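**Student:** Under UniProt numbering, think of the first position of the sequence shown as 1, with each following residue one higher.
Mind having a look at this structure? Questions to follow.
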Amino acid sequence: MSSVFVVDRSGQEEIITIEPGETLMQAISNSGMPDMLALCGGVCACATCHVYIDAAPESVMSGMDEDEDVLLGGVLSRQENSRLCCQIRLTEAYDGLRVTIAPEE
Ligand code: FES
């Protein structure tokens, strides 16, 4: 069983179990964390699933595609480690991933 660590906007950390094949957005939403709005449902159109990648095995992180990069380009709170978590498809190799949910715009 694989787990990821997610810090919400209040600074509270939760450990959530992931199912290989789901996206990180789905895993966080399914855990019931209220800060994950994901208003577009995961089609890379809203940026309300913005997270900061705090720690991840580099070998498993997929690159950001152009659509995600363009959408994040309009986000004021973007940082070097920003990602839209609906675009991260999980495998068991993501075990131990740490992310922080970005502030609401
Ligand atoms: S859920 Fe809308 S961009 Fe990720």
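Ideal placement from N, C-alpha and C gives every residue a C-beta, glycine not left out.
All of these numbers come straight from a predicted model, not from anything done at the bench.
Between which two residues does the beta strand (DSSP E) carrying alanine 55 extend?
**Tutor:** 50 to 55
**Student:** Does the contact criterion of 3 or more C-beta pairs under 8 angstroms hold for the region 38 to 54 versus the region 70 to 79?
**Tutor:** By the Cβ criterion, the region 38 to 54 is in contact with the region 70 to 79, since at least three pairs of Cβ atoms, one from each stretch, lie closer than 8 angstroms.
**Student:** State yes or no: is the C-beta of alanine 45 nearer than 8 angstroms to some heavy atom of the ligand FES?
**Tutor:** Yes, since a heavy atom of the ligand FES falls inside the 8 angstroms radius drawn around the Cβ of alanine 45.
**Student:** Measure the alpha-carbon distance for threonine 91 versus alanine 45 and round it to whole angstroms.
**Tutor:** 23 angstroms
**Student:** If you reduce the DSSP assignment to three classes, tell me which class leucine 39 lands in.
**Tutor:** coil
**Student:** Looking at the secondary structure, which residues open and close the beta strand (DSSP E) in which isoleucine 28 lies?
**Tutor:** Note, isoleucine 28: premise wrong, no beta strand (DSSP E); alpha helix (DSSP H) at 24 to 30.
**Student:** For the ligand FES, is there a heavy atom less than 8 angstroms away from the beta-carbon of leucine 84?
**Tutor:** Checking every heavy atom of the ligand FES against the Cβ of leucine 84, one is found closer than 8 angstroms.
**Student:** So the alpha helix (DSSP H) leucine 71 belongs to, where does it begin and stop?
**Tutor:** Note, leucine 71: alpha helix (DSSP H), 66 to 72.
**Student:** Buried or exposed, going by whether 16 or more other CB atoms sit within 10 Å of the CB of glutamate 39?
**Tutor:** Contrary to the premise, residue 39 reads as leucine rather than glutamate in this sequence. Exposed, because fewer than 16 other Cβ atoms sit within 10 Å of the Cβ of leucine 39.
**Student:** Only counting the same chain, and skipping five residues up and downstream in sequence, which positions put a Cβ closer than 7 angstroms to that of leucine 84?
**Tutor:** Cys44, Ala47, Cys49, His50, Glu68, Leu71, Leu72
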